[in-house]
Ligand SMILES: Nc1ncnc2c1ncn2[C@@H]1O[C@H](COP(=O)(O)OP(=O)(O)OP(=O)(O)O)[C@@H](O)[C@H]1O
Ligand SMILES: Nc1ncnc2c1ncn2[C@@H]1O[C@H](COP(=O)(O)OP(=O)(O)OP(=O)(O)O)[C@@H](O)[C@H]1O
Ligand SMILES: [Mg+2]
Ligand SMILES: [Mg+2]
C-alpha cells in the first residue's frame with residue numbers, strides 16, 4: 001500500500017500538490033511551441049486584465065475625482081490618439097536613439113572600467129568603492145558639469161546617461177569577476193591563458209551571467225537618467241519622451257501622463273525581453289535550463 | 001640554465017612582470033594589518049589627490065569662468081562652512097533616516113517579490129518582465145500617484161523610494177535564484193529540504209551573492225529616487241540633502257552644489273564599504289577569497 | 001539696424017544661441033521664434049539657434065558655460081546669475097513680460113486672516129513669488145518661517161505638483177505664476193490677491209531678456225538686432241493676439257506632443273502684460289523684500305542693466321524709451 | 001507500472017523499476033540513456049550496479065531518488081521517505097561548514113540541538129573526519145569532501161540508500177575502513193542499498209547481488225548473486241573470483257559496444 | 001633551491017622539489033599539508049604518487065604546476081613551458097562545448113583552424129568520445145567529463161604532465177584502454193609524468209617509480225622502482241606483486257596515522 005503511494009509520488013504529477021509540484025513542473029514532456037507561448041502569455045494577459053480591472057474599479061468607486069485619477073476609458077483613447085501623433089513618433093525616435101547610443105557608450109565604458117578595476121589591485125583599491133558612490137549621484141547633480149563640458153549638445157545628455165549607467169555595468173562586471181570559481185580560473189591559467197587571454201577566454205565568459213545582470217540594471221539607470229537628462233535641454237525643438245513626460249506633468253494632463261507611463265512600461269518590457277533572451281541563452285548553454293538538471 | 005629561469009618564475013615574484021605578476025600577487029606571505037590598511041588607503045588617497053590636482057589645474061587654466069567652475073580653494077572652505085551649519089546635520093539626519101527606512105522597506109518588498117516570482121512559474125510569467133519595466137520608470141512619473149495616495153506626507157517619499165529600489169532588489173533575487181547550480185538544488189531536495197525549507201536552506205544562501213549585488217544596485221536606486229523624492233514634499237521644519245541639492249542648483253550656488261556632491265560621494269563610499277564588507281564575508285565563507293584557491 | 005541684419009565687425013557669420021522656456025510668460029520669445037521675427041531682425045549673417053529649457057538653473061548654467069549667449073528668464077535666476085558672478089556674467093538688455101502672478105486659494109478663504117493655519121504653496125524657496133508672498137504675509141501681520149512653520153505654512157513645491165496638491169486638498173492655496181493661476185482657478189480656486197495690485201503702476205517683471213557679457217562685448221550689433229526682435233515680437237503680440245496665442249499653443253505642442261489649450265492661454269493672457277520695460281525697480285524692490293524676510297543677503301545690482309540697445313530699438317520703432325536704473 | 005504484476009512486485013520490493021526508459025534531449029540530439037530497464041531490489045538487499053562509463057548508472061539513481069522523471073515506465077519505492085542519494089560529485093553546500101553540511105538533514109528532520117550535535121560528531125567520526133567539523137568544504141581534499149558527502153547522506157537515515165561511486169576518490173585503505181563502516185550500518189539499520197561502483201572487487205566485497213549494465217542504452221545484461229558470508233575481505237579469494245567473472249562480462253560488453 | 005646541489009640537480013631533473021613545505025591557513029587553524037618534501041623526477045620518468053586521502057598529493061601537483069606558492073622550499077621545472085595539470089575535478093568550462101573545451105589550449109597556442117579541428121577530433125577519439133564534440137559538459141556523465149578533461153590536458157602538449165586521479169571515475173575497461181593510450185603518448189612524446197592515483201595496481205601498471213606519501217604532513221616514506229618492461233598488463237603477476245608491496249607500506253602508514 002505504502003509503496004503504491006510513493007509510486008504515485010514519483011510518477012504522476014497530478015497527485016503532487018504545492019511546492020513539490022513546482023519543483024517537478026517543467027520535467028514534463030516537452031510541450032509544443034504553441035503551448036509554451038500560451039503558457040508564457042496567459043499569466044501576463046491575466047495580470048494586465050486584473051490591473052486594468054482594479055484601476056477601473058477604483059475609478060468607479062469615486063475615491064478620487066476623474067480629473068485626478070482618470071479611468072481606463074479616458075486613458076486608452078488618449079493613448080490611441082497619442083500614438084498617432086507625429087510628436088509621439090519623433091519623440092520616441094529621438095529618445096530611442098539617445099537611449100541606444102547612450103547605453104552602448106555606457107556599456108563600453110562600464111565594461112572597460114569594470115575589467116580594469118577587477119584585474120588591477122591598485123586600481124581596485126583606488127576606484128572600486130568610487131563606483132557605487134558614483135552610482136548614487138543623482139542625475140541633476142551632473143547637469144551643471146554636463147553643460148560645462150558639452151554645452152547644450154546631445155553629448156551633454158549622453159554624459160548624464162553614461163554617468164548613470166556605466167557604474168552599474170562596472171559593478172556587474174566586478175561582481176561577476178569576483179565570483180568566478182577559483183577552479184576555473186586555475187584551469188584557465190593552467191591551459192595557458194594568461195593576462196588578457198585569461199580574461200577573454202575564462203573570466204569574461206564565467207562572469208557573463210553577472211555581467212548581463214549588471215547590463216540590465218544599467219539599462220534601468222540609463223533610461224531613468226535619460227528621462228531626467230532630456231529635460232536638461234530641448235535641442236532645436238526636438239521633442240522626446242522625457243520632455244513629454246515632464247510637460248504632461250506640468251500641464252497636469254493626467255491622461256497623457258498615464259499614456260506616457262504605459263509607453264515607458266512597454267519599452268521596459270521590450271528591453272526586459274531582450275535581456276531575458278540573452279540570459280536564457282546563457283542558461284541554456286550552461287545547462288541551467290535543462291529540465292533534466 | 002633553462003630550468004633555473006623557471007625556478008625563478010615559480011619561486012620569486014620579483015622576476016615576474018605584467019599580468020602574470022598580478023595573478024600571482026596576493027599569494028605572498030600574509031601581510032600585517034597595518035600594511036593591508038595602507039595598501040587599501042594609498043591608492044585612494046592618490047586618486048583623490050590626482051582628481052583635486054586636475055580640477056585645480058583646469059580652474060587655473062582659466063578654461064571657464066570661476067563662477068561656472070569654482071576651484072578647490074573656493075569649494076573646500078564652503079564645504080567646511082557647510083558641515084558646520086545646523087541645516088547640514090538636520091538635513092543629513094532627515095535624509096539618512098528616510099534612506100534607511102525607505103531602503104529597508106524596499107529590501108523587504110523586493111525580497112518577497114523576487115522570491116515569489118522566482119518560485120512560482122505563473123507569477124514569473126505574469127510579473128517577471130514587469131520588474132525591469134518598473135525599474136525603468138522615472139521617479140517623477142510616480143509623483144502624481146504618490147500624492148494621490150499619500151498626500152504630502154513622508155509616506156509619499158517612501159513610496160517613490162520603494163518603487164525605485166524594490167524592483168532592483170527583486171531582479172537581484174531572480175538572477176541569483178536562476179543561477180543556483182542545479183546540483184545543489186537537487187542535493188537540497190534530496191536531503192529533505194522541500195518547499196519553503198528548500199528556499200530557506202539552499203536556494204537563498206546559494207543566491208546570496210547575487211542578492212547582495214542586487215541590494216547594492218537597489219541602494220543606488222533608492223538613493224537617487226530619494227534625492228528626487230525629497231523635492232516632492234518639503235515637510236515643515238525638515239530640510240534634507242535632496243532639497244539642499246536642488247536649492248543650491250536653483251540659486252546657482254556652484255560651490256555649495258559641489259560641496260553637496262562631495263557629501264553624497266562620501267555617503268556613497270560609506271554605503272559601498274558596508275556592501276563590500278558583506279560581500280567579502282560571503283566570499284571568505286565560500287572560499288573565494290582564499291589565497292590558496 | 002532692422003532688415004540690414006548684424007554680424008561681427010569683419011562681416012563674418014555669427015551664431016546667436018538663444019534660450020527660453022516653452023511657456024506662456026515667455027510668449028515674446030515663443031512668438032518671435034515661431035513667426036521668424038528674430039530671424040528677420042538678425043539678418044542672414046546671423047544664425048539663430050534656439051534652446052528651450054524647463055527651468056531657470058539649467059539656463060543659467062548654460063549661460064555660464066558659454067552654451068548659450070542670451071536667454072529669456074525670470075527675475076530670480078537673473079539676480080542669482082548676477083550675484084554669483086559678482087556682477088560680471090550677465091546683462092539685462094530688455095524686458096519681456098509683467099504680471100501674471102496671483103495668490104489663488106480655496107473658495108472658503110476670503111481674507112488674509114483666513115490663511116492662518118493653512119498650507120500655501122510657492123514655486124521655490126526664495127524665488128520671486130516666494131518672497132512676494134512672505135513679504136505680503138509680513139505686511140498682513142502673519143508669520144511664516146523658512147522651514148514652513150508660523151501662522152501660515154509656506155510649502156515650496158514644483159508648480160506642476162501644486163496643481164495636484166491643490167486639487168487633492170493637501171494645500172489650500174498657492175502664490176504662482178501663469179498658466180498655473182488660470183489652472184488653479186479652473187479647478188475651483190479663487191484669486192485672493194493679484195500681485196499686480198501690490199505694485200506701482202500694476203507692473204513688475206516676470207520675464208526679462210539677458211545676455212552674457214562676453215557676447216555683448218563681442219557682438220553688440222547682434223545684441224542690438226536681438227533687442228529689436230524682442231521689441232518687434234512684443235508689437236506682434238499686441239497686434240495679433242489670436243495668432244500669437246495659436247502660435248504658442250502650436251509651439252508647445254511641438255515639444256510636448258500636445259498643443260496647449262487655447263482657452264487656457266486666452267485666460268492667462270489677460271493677466272500678463274507684454275512690456276519691453278524690464279522694470280528694474282520691481283527687481284530691486286523684490287530683492288529688498290527678500291532681504292527683509294531674511295531669505296537673502298543684499299545684492300549690489302549695479303551694472304546689471306544695459307538698456308541702451310533697448311532704448312535705441314524703441315526709438316527707431318517710435319515707442320517711448322525706458323528709464324535706465 | 002505495467003498492468004500485469006504490480007501488486008505482487010510491490011509487496012516484495014523495496015525498489016521496483018519496470019520498463020524504465022530515459023531519453024535526454026530531443027530530435028536528432030536525443031540520447032537514449034536507459035531502455036526498458038526492469039529491476040527489483042528486495043528490502044534489505046545490497047545491490048551493486050556496474051557498467052561502462054556513460055551507460056546510465058547515475059541516471060538510474062536519479063530516477064529512483066525522484067529527482068528526475070523517467071520518459072517511460074514506472075518506478076516504485078516502498079516506505080514513505082524518499083531514498084537518500086549520495087551524488088557522484090560531492091555536492092556539499094559551500095556556504096556551510098563541514099559540520100553544518102552534515103547537520104542540515106538532521107535539522108530538516110526536526111532533531112533538537114543536542115541530538116544533532118551528537119549525531120554530527122558520531123557521523124564525522126565514522127568517516128574519519130572528527131577534527132574537521134569547523135572546516136569549510138573548499139579547505140578539504142577531494143577524498144575528504146567525498147567522505148563528508150557520505151556522512152551527510154547517512155544522516156538522512158532513510159531505509160533506502162542510493163550511492164553513486166561513494167568511494168571513488170579514496171585510497172584503498174580508507175576505502176576498506178569505510179566498507180566496514182557501511183556494512184555495519186547496513187546491517188544494523190537493515191537498509192536497502194543501491195550502489196554504483198567501477199571497482200568490481202568493491203562490488204563483490206559489499207553486494208548481495210551485482211547487476212551489470214550494458215552501454216548506451218543501459219539495459220541489464222547480467223546479474224550475479226554473491227553468497228559468500230559477511231563480512232568478506234576485499235582480497236579474499238571468493239571475492240576475487242566473483243570480481244574476475246563480472247569483469248569478464250563487462251569486458252565483453254565494452255568490446256561489443258566498441259565495435 | 002638548497003645551496004649545496006643546485007646545478008647538479010637541475011641538470012638531471014625535469015621536476016625538482018627540495019624541502020617543499022606548504023601550510024594552509026594561519027594560527028590555530030593552520031594545516032601543515034606538506035613538510036620538507038624532497039623529490040626529483042628525471043626527464044622522461046613516469047612517477048606515481050600514492051598516499052592516504054588528504055595527505056597532500058593535490059597540493060603537491062598544484063605547487064609544481066605553479067598555481068600555488070610553497071610556504072617554504074624551492075620547486076624547479078625544466079623547460080620553458082609550465083607543466084600541464086589535469087585537476088582532480090574535471091574543471092571543464094561550462095560555457096564551451098566538449099570540442100571547444102579541448103580546442104581552447106590549442107587556440108591559446110596559436111594553432112590554425114584546420115590544425116585545431118584535426119587535433120580535437122584525434123584527441124576526442126583517443127578518449128573514446130568522438131561523437132560527443134558538440135555536447136556540453138553538463139550533458140555528460142561523470143566519467144565522460146573526466147575523459148574530456150584528459151583530452152584537454154593532452155592538448156597542451158607540455159613536456160611535463162601532472163595528473164590528479166585522472167581515471168578515478170572510470171570503469172576498469174575504459175581505464176585499461178586509456179592506460180594504453182596514455183602509455184603510447186608518454187613513450188611517443190617522451191613525456192615526464194607525475195601521476196596521482198589511489199589505485200596501486202594502476203600505479204604499478206604505469207609507473208617507473210612509485211612514491212608513497214605519509215599522511216598529514218605529507219612526506220615521502222617509501223619509493224619503489226618498477227623495472228618490469230612496458231607495456232605491462234594490469235593483471236600481470238609482477239604488477240600484482242609490486243602493488244601488494246606498496247599496499248602493505250600504505251596500510252602500515254594509515255594504521256600508524258590512525259593511532
Ligand atoms: N543532462 C543530460 N543531457 C543530455 N544527456 C545526458 C544528460 N545526463 C546524462 N546524459 C547522457 O546519458 C548517458 C548516461 O549518463 P550517466 O550520467 O547516467 O552515466 P553513468 O553511467 O553514470 O556514467 P559514469 O560512470 O561515467 O558516471 C550519457 O551518455 C550522457 O551523455
Ligand atoms: N585551501 C585549503 N585551505 C585549507 N586547507 C586545505 C586547503 N586545501 C587543502 N587543504 C588541506 O591540505 C591537506 C591536503 O590536501 P590535498 O587536497 O593536497 O590532499 P590529497 O592528497 O589530494 O587528498 P585526496 O586524495 O583526498 O584528494 C588536507 O588535509 C586539506 O584539508
Ligand atoms: Mg555517473
Ligand atoms: Mg587530491
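Protein chains in written order, with this note's numbering: chain A, 1 to 293; chain L, 1 to 293; chain H, 1 to 325; chain S, 1 to 259; chain Y, 1 to 259.
Each residue gets a CB set at the ideal place from its N, CA and C atoms; glycine is no exception.
Values in this document were obtained by computation on a predicted structure and should not be read as measured data.
Within 10 Å of its beta-carbon, does residue 248(S) have 16 or more other beta-carbons around it, so buried, or fewer, so exposed? On the fourth chain, residue 248(S) is found 248 positions in, with the first residue counted as 1. Looking at its Cβ environment, which holds fewer than 16 other Cβ atoms inside 10 Å, residue 248(S) is exposed.
Is the distance from the Cβ of residue 287(L) to the Cβ of residue 139(S) below 8 Å? The residue labelled residue 287(L) in the question sits at position 287 within the second chain. The residue labelled residue 139(S) in the question sits at position 139 within the fourth chain. Result yes, Cβ atoms of residue 287(L) and residue 139(S) sit closer than 8 Å.
Three-state class that DSSP yields for residue 163(S) in the structure shown: To locate residue 163(S), count along the fourth chain from 1; it is residue 163. Residue 163(S) falls in the strand class under three-state DSSP.
Leaving out five residues before and five after residue 133(L) in sequence, what residues of the same chain have Cβ atoms less than 8 Å from its Cβ? Position 133 of the second chain holds residue 133(L). Closer than 8 Å at the Cβ level, and outside the excluded window around residue 133(L), lies no residue.
For my contact list, residue 96(H) and residue 274(H) are in at a C-beta cut-off of 8 Å; report their separation, rounded to the angstrom. In the third chain, residue 96(H) corresponds to position 96, counting from 1. In the third chain, residue 274(H) corresponds to position 274, counting from 1. Indeed, because the Cβ distance is near 7 Å, the residues count as touching under 8 Å.
Quick one: residues in its chain with C-beta nearer than 8 Å to the C-beta of residue 26(H), no 5 flanking neighbours on either side, listed in chain order? Mapped onto the third chain, residue 26(H) falls at position 26. Cβ neighbours of residue 26(H) beyond the five flanking positions: 20, 72, 96, 97, 207.
When the cut-off is 8 Å and only beta carbons count, does residue 73(A) lie next to chain H? Stepping through the first chain from its first residue, residue 73(A) is reached at position 73. Not an interface residue.
Kindly list the residues whose CB is nearer than 6 Å to the CB of residue 191(H), restricted to its own chain and excluding five residues on each side of it in sequence; keep chain order. Here residue 191(H) corresponds to residue number 191 of the third chain, with the count starting at 1. Correct list, in chain order: 102, 104.
Looking at C-alpha atoms only, which residue of 182(Y), 198(Y), 113(Y), 64(Y) is the closest neighbour of residue 174(S)? In the fourth chain, the residue the question calls residue 174(S) occupies position 174. Closest option to residue 174(S), Cα to Cα, is 198(Y).
Looking at C-alpha atoms only, which residue of 252(Y), 250(Y), 243(Y), 234(Y) is the closest neighbour of residue 244(S)? Taking the first residue of the fourth chain as position 1, residue 244(S) is located at position 244. The residue with the shortest Cα to Cα distance from residue 244(S) is 234(Y).
Just verifying my parser: in three-state terms, what is the DSSP assignment at residue 318(H)? Numbered from its first residue, the third chain carries residue 318(H) at position 318. Residue state, collapsed to three classes: coil.
Quick one: does residue 191(A) have its CB under 8 Å from some CB of chain Y? By 1-based counting over the first chain, the position of residue 191(A) is 191. Taking Cβ atoms only, chain Y reaches closer than 8 Å to residue 191(A), which makes this a yes.
Indicate the three-state DSSP secondary structure (helix, strand or coil) for residue 173(H) in the structure shown. Indexing the third chain from 1 puts residue 173(H) at position 173. Of the three classes helix, strand and coil, the one that applies to residue 173(H) here is strand, per DSSP.
Hey, residue 67(H) and residue 147(A): beta-carbon distance below 8 Å or not? Working through the third chain from its first residue, we reach residue 67(H) at position 67. Working through the first chain from its first residue, we reach residue 147(A) at position 147. For residue 67(H) and residue 147(A), yes; Cβs fall inside 8 Å.
Is there a Cβ from chain L that is less than 8 Å from the Cβ of residue 301(H)? Within the third chain, the letter at position 301 stands for residue 301(H). For residue 301(H), the answer is no, since every Cβ of chain L falls outside 8 Å of its Cβ.
Kindly give me the distance between the Cβ atoms of residue 125(H) and residue 146(H), rounded to whole angstroms, as I take these residues to be in contact under 8 Å. Taking the third chain and counting its residues from 1, one reaches residue 125(H) at position 125. Taking the third chain and counting its residues from 1, one reaches residue 146(H) at position 146. Indeed they touch by this definition, with Cβ atoms about 7 Å apart.
When you compare the CB of residue 93(Y) with every CB in chain A, is at least one pair closer than 8 Å? Taking the fifth chain and counting its residues from 1, the one referred to as residue 93(Y) is at position 93. Yes, residue 93(Y) counts as interfacial toward chain A.
Meets three-Cβ-pair contact criterion under 8 Å: the stretch 210 to 223 of chain A and the stretch 160 to 174 of chain A: yes
What residues in the stretch 197 to 212 of chain S bring their beta carbon closer than 7 Å to a beta carbon of chain Y? 198, 200
Given 7 Å as the limit, tell me if residue 86(Y) has its C-beta closer than that to any heavy atom belonging to ligand 2. Locating residue 86(Y) in the fifth chain gives position 86, where the first residue counts as 1. Outside the cutoff, so no.
Buried or exposed: which applies to residue 53(H), given that a residue is buried once 16 or more other Cβ atoms fall within 10 Å of its Cβ? As a first step, residue 53(H) must be located in the third chain, where it is residue number 53. It is buried - the Cβ of residue 53(H) has at least 16 other Cβ atoms within 10 Å.
Where DSSP assigns a beta bridge to residue 22(Y), which residues make up the other side? Within the fifth chain, numbered from 1, the residue matching residue 22(Y) stands at position 22. For residue 22(Y), which the question treats as bridged, DSSP gives the partners 34(Y).
Cβ-Cβ distance between residue 72(Y) and residue 40(Y) below 8 Å: Indexing the fifth chain from 1 puts residue 72(Y) at position 72. Indexing the fifth chain from 1 puts residue 40(Y) at position 40. No, the Cβ-Cβ distance between residue 72(Y) and residue 40(Y) is not below 8 Å.
So what does DSSP say about residue 12(L), is it helix, strand or coil? On the second chain, residue 12(L) is found 12 positions in, with the first residue counted as 1. Summary for residue 12(L): the model assigns pLDDT 32, below 50, so the residue's position carries little reliability, and this model does not support an answer.
Could you check where the beta strand (DSSP E) with residue 72(H) kicks off and where it finishes? Along the third chain, read from residue 1 onward, the residue named residue 72(H) stands at position 72. Its beta strand (DSSP E) spans residues 70 to 73.
Cβ-Cβ distance between residue 209(Y) and residue 223(Y) below 8 Å: Taking the first residue of the fifth chain as position 1, residue 209(Y) is located at position 209. Taking the first residue of the fifth chain as position 1, residue 223(Y) is located at position 223. Yes, Cβ-Cβ distance for residue 209(Y) and residue 223(Y) is below 8 Å.
Limits of the unbroken beta strand (DSSP E) element including residue 86(Y): Taking the fifth chain and counting its residues from 1, one reaches residue 86(Y) at position 86. Looking at the DSSP string, the run of the beta strand (DSSP E) that includes residue 86(Y) is 84 to 86.
Please confirm whether residue 155(L) and residue 170(H) have their CB atoms less than 8 Å apart. On the second chain, position 155 is the one that residue 155(L) refers to. On the third chain, position 170 is the one that residue 170(H) refers to. Their beta carbons are not under 8 Å apart, which means residue 155(L) does not touch residue 170(H) by this criterion.
Local Cβ density within 10 Å of residue 15(H), reported as buried at 16 or more and exposed below that: The residue given as residue 15(H) occupies position 15 in the third chain. It is exposed - the Cβ of residue 15(H) has fewer than 16 other Cβ atoms within 10 Å.
Cα-Cα, which of 172(A), 39(A), 56(A) is closest to residue 312(L)? Look at the range of chain L in this structure, 1 to 293, and you will see that residue 312(L) is not part of it.
Taking the alpha-carbon positions, what's the residue 104(A) to residue 254(H) distance? For the purposes of this step, residue 104(A) is taken as residue 104 along the first chain, with counting starting at 1. For the purposes of this step, residue 254(H) is taken as residue 254 along the third chain, with counting starting at 1. Cα-Cα distance, rounded: 28 Å.
Which residue wins for smallest C-alpha separation from residue 39(L), given the options 125(A), 97(A), 190(A)? On the second chain, residue 39(L) is found 39 positions in, with the first residue counted as 1. When only C-alpha atoms are compared, the closest one is 125(A).
DSSP three-state call for residue 247(A): helix, strand or coil? Position 247 of the first chain, counted from the start, is the residue given in the question as residue 247(A). Three-state result, residue 247(A): helix.
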